[in-house]
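Using the numbering used here, the letters of the sequence shown correspond one by one to residues 880 to 1018. Here a beta-carbon is modelled for each residue, glycine too, at the ideal position from N, C-alpha and C. This structure is a prediction, so every number in the text was calculated from the model and none was measured. The structure under discussion appears below in the form of structure tokens.
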Amino acid sequence: MAKVLMKGNEAIGEAAIRAGCLNYFAYPITPQSEVAEYLARRMKEVDGVFLQGESEVAVSYMIFGASAAGARVFTTSSSPGISLMSEGISYIAGAQCPAVFVNIMRGGPGLGGILPSQADYLQATKGGGHGDFRLLVMA
880 MAKVLMKGNE
890 AIGEAAIRAG
900 CLNYFAYPIT
910 PQSEVAEYLA
920 RRMKEVDGVF
930 LQGESEVAVS
940 YMIFGASAAG
950 ARVFTTSSSP
960 GISLMSEGIS
970 YIAGAQCPAV
980 FVNIMRGGPG
990 LGGILPSQAD
1000 YLQATKGGGH
1010 GDFRLLVMA
């Protein structure tokens, strides 16, 4: 296999495609926007689906619907976007539907402030929405 040099955000999108995850839903938010830009072009080439939702909340329910229908799905967002998706993530976890959420973290708490925080890590590992659930987290 030939070596390829690409940006980290593009590598995330390409890895998902090569893993057979051809359904991507997202809402642009920095620093995640490069993934959506890359997949907007790339999904056409592999007969995949890319839909940009009107909000992070809508994206979480697009993920839920596609996963419940049996599709391999994923999304990318950044810290405040993942926070907005927490209710949808709760439903996905409660229904035991598989989905991949990639948090391309910002260097600060919730709204991207200047002070460092581990809020994203704690939200993902301790459960960030309604219900008593735990998520598989790879960091």
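For residue i, which residues does DSSP report across the bridge?
i	result
A905	Q931
V981	T955
For residue i, report the span of its beta strand (DSSP E) as first-last.
i	result
S956	V952 to S956
Apart from the five residues on each side of it in sequence, which residues of its chain come closer than 7 Å, Cβ to Cβ, to residue i?
i	result
I891	V914, T955 and V981
G960	Y906, I908 and E935
Quick check: residue i and residue j, are their CB atoms within less than 7 Å of each other?
i	j	result
G1010	S962	no
N902	A947	no
G932	M941	yes
F904	A919	no
In the DSSP assignment, find the alpha helix (DSSP H) that holds residue i and state where it starts and stops.
i	result
M1017	Per DSSP, M1017 belongs to no alpha helix (DSSP H) and is neither H nor E.
G1008	It is not in any alpha helix (DSSP H) - G1008 carries neither H nor E in the DSSP assignment.
K923	S912 to E924
A894	G887 to R897
G967	S965 to G973
Can you list, in chain order, the residues of its chain with a C-beta nearer than 6 Å to that of residue i? Leave out the 5 residues immediately preceding and following it.
i	result
M984	S958 and D999
I971	F943 and A978
M964	E935 and S939
G973	G1010
Residues in its own chain within less than 8 Å of residue i by CB, not counting five upstream and five downstream?
i	result
E1019	A query on residue 1019 cannot be resolved here, the shown segment of the chain reaching from 880 to 1018 and no further.
M885	E893
E924	none
Sorry if obvious, but does the Cβ on residue i come closer than 6 Å to a heavy atom of the ligand ZN?
i	result
A947	No copy of the ligand ZN occurs in the structure displayed, which carries no ligand at all.
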